[in-house]
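Data block below; observations after.
There are 2 protein chains.
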Amino acid sequence: MRQKQIDRIRAFNRFYTKILGILNRHYMGSPFGLPEIRVIQDMYLHPGRGAKEIALELNMDKGYLSRLLKKLEEHGYVCRSASDTDGRRDIISLTDSGIVIYHELNASADRSVEDIYGGLTEEQMEEMIAHMDAISNLLANDK
Amino acid sequence: MRQKQIDRIRAFNRFYTKILGILNRHYMGSPFGLPEIRVIQDMYLHPGRGAKEIALELNMDKGYLSRLLKKLEEHGYVCRSASDTDGRRDIISLTDSGIVIYHELNASADRSVEDIYGGLTEEQMEEMIAHMDAISNLLANDK
DNA sequence: AAATATAGTTGACAAAATCAACTATATTAT
DNA sequence: ATAATATAGTTGATTTTGTCAACTATATTT
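Taken in sequence, the protein lines are chains D and B.
Just so we're aligned: the first sequence equals residues -15 to 127 in our numbering.
Just so we're aligned: the second sequence equals residues -15 to 127 in our numbering.
Rendered as structure tokens:
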């Protein structure tokens, strides 16, 4: 791997970090922080998970996650039920009002995406998405 | 902008956030945290900046940055000199040993990039970088 | 049945970030 | 020229986010 390639990858990463930073402000004004939102999203997208899987997926300390789930549970957005095949495990689920929250957060995230990427023409948009898919495929197959 | 497009962009963003998260662990074992590193890098790449510009570029609170620079100054990695055209402004620079640190951090960041992206063939690598450039151009020209 | 591993909780703590008040210099409007 | 406003940076108080290790309880392995 050549230095020039590394440099270009890192330049892209700096650039894209900034974009993600802007996008990640979408929750401003909501009573949730980014970690809560990531957890809520993960629960919605992957129902039936235990804390272990969520922590793994989100690169989150299990203790930190535990507290975070407790808080969400206290607010009534999450419920936990024992797994019937493994007594240590908790199945984590969004409650109905948790799902409502998810949809609200989701809509607001969608709006942020429109703000940032919405200036492209239809053609450019499809082009960009194709590039994104290509990168994902290259890196996902690799790992 | 269609919902499907938004969804695909967001899927990519989730995917790439995870990659950046892994890359951002490169500083483990160094006496610096990620914010320090980002500042050091910015100072190296953009000499002559004031705190204002750095804060803007890195999306960082000016108070937070102020303390962070003070700490780096105390350790001898950074020096500040008054601007001669604006008495409020400090010109921020890396000292020689700050530059040494930069190169060390830089080398370690390079190694992380190799770890993550290094599994691609030469051809795939060039392909991927071309996709990255394309995305940057689409978004940079837009904004 | 004993040893080991795993899921989750809890306490103590450290790092990262935010917000507002404040100082000092610059700029703008009158 | 002066008063009002804006800007660069500092400081104090506080909150949020993240880390680490010890602990409980259940599973798995030997």
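From the three backbone atoms N, C-alpha and C, an ideal C-beta is built for every residue, glycine too.
Because the structure is a prediction, the values reported are computed rather than measured.
Check	Outcome
So what does residue 64(B) bridge to, in DSSP terms?	76(B)
Compare the C-beta of residue 119(B) against all C-beta atoms of chain D and say whether one is closer than 8 Å.	yes
With 8 Å set as the bound, which would you pick, yes or no: does the beta-carbon of residue 69(B) sit closer than that to a beta-carbon of chain D?	no
What number of angstroms, rounded off, separates the C-alpha of residue 115(D) from the C-alpha of residue 94(D)?	20 Å
Grab me the residues of residue 101(D)'s own chain with a C-beta within less than 8 Å of its C-beta, minus the 5 sequence neighbours each way, in chain order.	109 and 112
Is residue 7(D) near residue 43(B), with beta carbons less than 8 Å apart?	no
Using a Cβ-Cβ distance cut-off of 8 Å, determine whether residue 86(D) contacts chain B.	no
How would you write the range of the alpha helix (DSSP H) that residue 19(D) sits in, first residue to last?	18 to 29
Please list, in chain order, the chain D residues whose beta carbon lies closer than 7 Å to that of residue -4(B).	116 and 120
Alpha carbon to alpha carbon, what distance is there between residue 68(B) and residue 77(B)?	15 Å
Can you name the start and end residues of the alpha helix (DSSP H) that residue 45(B) belongs to?	That residue, residue 45(B), is in no alpha helix (DSSP H); it is neither H nor E in DSSP.
Give a yes or no on whether the minimum CB-CB distance between residue 83(D) and chain B is below 8 Å.	no
Over what stretch of residues does the alpha helix (DSSP H) that includes residue -6(D) continue unbroken?	-13 to 7
For residue 3(B), which residues in the same chain have their Cβ closer than 7 Å to its Cβ, ignoring the five residues on either side in sequence?	100
Since residue 11(D) meets chain B, which of its residues come closer than 7 Å, beta carbon to beta carbon?	Correct list: empty, because the minimum Cβ distance to chain B is about 14 Å.
Can you find a heavy atom of the ligand FAD that lies under 7 Å from the Cβ of residue 53(D)?	The ligand FAD is not among the ligands present in this structure, which contains no ligands whatsoever.
Below 9 Å on C-beta distance, what does residue 28(D) contact in chain B?	Residues of chain B passing the Cβ test: none, with the nearest at roughly 13 Å.
If you measure from the beta carbon of residue 23(B) to each beta carbon in chain D, is any gap under 8 Å?	no
Is the beta carbon of residue -10(D) less than 8 Å from the beta carbon of residue 98(B)?	yes
Determine, using beta carbons only, whether residue 17(B) comes closer than 8 Å to chain D.	no
Using the rule of at least 16 other Cβ atoms within 10 Å of the residue's Cβ for burial, across every protein chain shown, is residue 48(D) buried or exposed?	exposed
When you compare only the Cα positions, how much space is there between residue 82(B) and residue -6(B)?	38 Å
Quick one, which of 124(B), 106(B), 122(B) and 119(B) has its alpha-carbon nearest residue -12(D)'s?	106(B)
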